[in-house]
Structures are given as structure tokens and as C-alpha cells.
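Participant:
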Ligand code: SF4
Ligand code: SF4
Ligand code: SF4
């Protein structure tokens, strides 16, 4: 079944796209997005927003599939795909995603709440050329710690974009440590903001009562204690508690849980 994403950034036709199973990242840029804008070259693609991951041109022939893209930390996340061209500085891009963790994440667990806050602060320091090698190292270390200790996939994925960006675009990071970035010097466009795509609360994770077998597996795995029910009867999700970590969707062996976009 096709899934809806919001495609934004440096493509000719940004907007809502419907992605069929097996569609490659290259097809998303070139066909669904109408190609790179202004004839510039592709640099990177961020998939899934603040808890998602980043890929480079080397991964363009992979399908938009959580398993295939797992090594880069990509997940459906907030359903937004952001494309960056060759002139975008990945320090600025990554910082925008880390900033978004501060409003998108629920703040329930200390590891994610404090860890992502500190990561975002260090990233802003790097943006303004005030960070050194030790700050950059600490940011990456924090990403690892949050990945290991956060309750849910949102926090666990918060460092993925930073990790890939710092490895694959090390020059951008080094330029900011050294105090001068040629990309930022010539950039006149605003930074592509993260977290301003499909409104996060326009999506809900729901259980289809016709498919649910009442096995309780999802309920036992939901750290937010958002799922309740009686064995062998359909379970329900309390939307006021759900933080949309999507753990339950992956766990349900009956395909009874899905994310839906609600009107309004
Ligand atoms: S529950 Fe998830 S989103 Fe909320 S603070 Fe913890 S890791 Fe972050
Ligand atoms: S894991 Fe699936 S089948 Fe089991 S209770 Fe949850 S929704 Fe129902
Ligand atoms: S109901 Fe599902 S998506 Fe929502 S917090 Fe629980 S495990 Fe995560």
C-alpha cells in the first residue's frame, strides 16, 4: 500500500507524495519531486525528521524501506523527506533537526530530554563557529548515550542524522570548527527548518479492531502505557498518552496497528 510523505527542500516539486512499496530514493527525487531545483547536484536526504536519519548519494538506489535504510537510522518518523543540494551546509541542516527534538519529543525520560537538549546546544555552538573538537566529540558521544538509554525510538533516533552528517560531510563540520565555512559564506537562502512539515499531531497510531486478536503484545511493550485492553478482545490506544514512537506497529504480528493522518 502506498504511504504518504511530505517531500520538501531543494526539489522542483515539493509537496505531498504517495510512495509505492519498492520506490527508490532516486525515483522520489527525480520523478515524484521533479528533480533537483536550479540544476544543482544532490547532496543528502533526511528521512523521518528529528528521529529519522540521513542518506547520501550513495544510497539513492535503495528503496524507501525502514529495513533497507536502518543502517542510516532512517524511519518513517514524522513522515517528512527533506532533500539538500550541494550548496547546503550540513552543520546548519543537522542543527535544525536537533532543535526540532526540543518541541517534537515528549520529554518523559531524562536521557532523551536532557541529552537532546545538550546536543542541540552544542550544535548551535558549532553553527556559530564557537565549538571545538571536544564539543563535537561530546555531541556524538551524547548521541550514542541517548541511543542506548532513551525509552523509545524517537529518542533513540535523535543522534542518527548527526552521526551520518558528521561522518559523510566531515568537511562541513571541520570548517565550522576551524571558524570559516565557504558554504555558509555564500548561502543566502534560509535554513530548511525541520519539524514544520506534516503537523505531528495530525497523525495518530490506531488499532484496527477487526484485525486485533487481543494478544496484548503491544500493550506490554508500550513504555508510555498508552495501550490497554482485555485479552482476546480488541485493544485501544489512548491518544493523549501515545508519543508516536511506532514501536507497537513493528511488534504487532497481525498488522493491526497503523498510523493514520487525521483531518484538520
Ligand atoms: S519517551 Fe521517547 S520521545 Fe519521550 S523523552 Fe523518552 S525517548 Fe524522548
Ligand atoms: S499486538 Fe496487535 S493483535 Fe496484539 S493486542 Fe496489540 S494490536 Fe492487538
Ligand atoms: S501506542 Fe504505540 S506508538 Fe504510541 S507510544 Fe505506545 S508503542 Fe509508541
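In my numbering, the protein residues as written are 17 to 280. Yeah, the Cβ is synthetic: ideal placement off N, Cα and C, and Gly gets one too.
Excluding five sequence neighbours on each side, which residues of the same chain lie with their C-beta closer than 7 Å to the C-beta of residue 18?
Facilitator: Locating residue 18 in the chain shown gives position 2, counting from the first residue. So the qualifying residues of the chain are 34, 35, 36.
Participant: Pull the bridge partners of residue 101 from the DSSP assignment, please.
Facilitator: As a first step, residue 101 must be located in the chain shown, where it is residue number 85. Paired residues: 58.
Participant: In terms of residue numbering, what span does the beta strand (DSSP E) encompassing residue 19 cover?
Facilitator: For this step, residue 19 is matched to residue 3 along the chain shown. Here the beta strand (DSSP E) through residue 19 covers 19-25.
Participant: Say whether the stretch 119-134 touches the stretch 74-92, bearing in mind that this needs 3 or more beta-carbon pairs closer than 8 Å, one atom from each stretch.
Facilitator: no
Participant: Could you please go through the chain and list the residues whose beta-carbon is closer than 6 Å to any non-hydrogen atom of ligand 1?
Facilitator: 121, 122, 123, 124, 125, 128, 129, 166, 167, 168, 170, 171, 259, 261
Participant: Answer with buried or exposed for residue 236, where buried requires no fewer than 16 other C-beta atoms within 10 angstroms of its C-beta.
Facilitator: On the chain shown, residue 236 is found 220 positions in, with the first residue counted as 1. When all chains shown are included, residue 236 counts as exposed.
Participant: Expressed to the nearest angstrom, what Euclidean distance is found between the alpha-carbon atoms of residue 24 and residue 233?
Facilitator: Counting from 1 along the chain shown, the entry for residue 24 is found at position 8. Counting from 1 along the chain shown, the entry for residue 233 is found at position 217. Approximately 36 Å between the Cα atoms of the pair.
Participant: Which whole-angstrom value is the C-beta distance of residue 271 and residue 219, which I expect to be below 8 Å?
Facilitator: Numbered from its first residue, the chain shown carries residue 271 at position 255. Numbered from its first residue, the chain shown carries residue 219 at position 203. Contact doesn't hold; Cβ gap of about 18 Å is too wide.
Participant: Any idea what DSSP makes of residue 241, helix, strand or coil?
Facilitator: Locating residue 241 in the chain shown gives position 225, counting from the first residue. Three-state result, residue 241: coil.
Participant: Three-state secondary structure (DSSP) at residue 85?
Facilitator: Your numbering for residue 85 matches position 69 in the chain shown. Correct three-state label for residue 85: coil.
Participant: Would you kindly check if the distance between the Cβ of residue 165 and the Cβ of residue 127 is under 8 Å?
Facilitator: Taking the chain shown and counting its residues from 1, one reaches residue 127 at position 111. Taking the chain shown and counting its residues from 1, one reaches residue 165 at position 149. Yes, the Cβ-Cβ distance between residue 127 and residue 165 is below 8 Å.
Participant: Would you say the stretch 138-148 touches the stretch 240-249, given that touching needs at least three Cβ pairs under 8 Å?
Facilitator: no
Participant: Secondary structure at residue 175, three-state DSSP: helix, strand or coil?
Facilitator: Position 159 of the chain shown holds residue 175. Looking at residue 175 - three-state DSSP - the assignment turns out to be helix.
Participant: Excluding the five sequence neighbours on either side, which residues of its own chain have a C-beta within less than 8 Å of the C-beta of residue 195, listed in chain order?
Facilitator: Locating residue 195 in the chain shown gives position 179, counting from the first residue. Answer for residue 195: 145, listed in chain order.
Participant: In whole angstroms, what is the alpha-carbon distance linking residue 6 and residue 167?
Facilitator: For residue 6 there is no data in the structure shown, the boundaries of the chain being 17 and 280.
Participant: Got a sec: does ligand 3 put a non-hydrogen atom nearer than 7 Å to the Cβ of residue 221?
Facilitator: The count along the chain shown starts at 1 and reaches residue 221 at position 205. Correct: residue 221 has its Cβ closer than 7 Å to ligand 3.
Participant: Considering Cα atoms alone, identify which of 182, 105, 169, 163 is closest to residue 151.
Facilitator: Walking along the chain shown from the start, residue 151 turns up at place 135. By alpha-carbon distance to residue 151, the top candidate from 182, 105, 169, 163 is 182.
Participant: Quick one: what's got a C-beta closer than 6 Å to residue 200's C-beta in the same chain, skipping five residues either side?
Facilitator: Position 184 of the chain shown holds residue 200. Spatial neighbours of residue 200 in its own chain (CB-CB distance under 6 Å, excluding positions within 5 residues in sequence) are listed in chain order as 105.
Participant: In the structure shown, what three-state DSSP assignment does residue 225 receive?
Facilitator: In the chain shown, residue 225 corresponds to position 209, counting from 1. Coil, per DSSP.
Participant: Give the secondary structure of residue 264 by DSSP, where H, G and I count as helix, E and B as strand, and everything else as coil.
Facilitator: Here residue 264 refers to the residue found at position 248 when the chain shown is read from its first residue. It is helical.
Participant: Is any non-hydrogen atom of ligand 2 found closer than 7 Å to the C-beta of residue 210, if you look at the structure I gave you?
Facilitator: Residue 210 sits at position 194 when you count from the first residue of the chain shown. No - ligand 2 has no heavy atom lying nearer than 7 Å to the Cβ of residue 210.
Participant: Report the rounded CA-to-CA distance for residue 61 versus residue 153, giving the unit in angstroms.
Facilitator: Taking the first residue of the chain shown as 1, we reach residue 61 at position 45. Taking the first residue of the chain shown as 1, we reach residue 153 at position 137. Cα to Cα, residue 61 sits roughly 23 Å from residue 153.
Participant: Skipping 5 residues on each side, what residues in its chain have a beta carbon closer than 6 Å to that of residue 82?
Facilitator: The residue given as residue 82 occupies position 66 in the chain shown. These residues qualify, in order along the chain: 91.
Participant: Report the rounded CA-to-CA distance for residue 169 versus residue 210, giving the unit in angstroms.
Facilitator: The residue labelled residue 169 in the question sits at position 153 within the chain shown. The residue labelled residue 210 in the question sits at position 194 within the chain shown. Distance between the alpha carbons of residue 169 and residue 210: 18 Å.
Participant: Determine the closest residue to residue 273 out of 31, 162, 221, 192, with distance taken between C-alpha atoms.
Facilitator: Indexing the chain shown from 1 puts residue 273 at position 257. Among 31, 162, 221, 192, the Cα nearest to that of residue 273 is on 221.
Participant: In chain order, what residues of the same chain have a beta carbon less than 6 Å from the beta carbon of residue 329, not counting five sequence neighbours either side?
Facilitator: In the structure as shown, the chain starts at 17 and stops at 280, and residue 329 therefore has no counterpart that could be examined.
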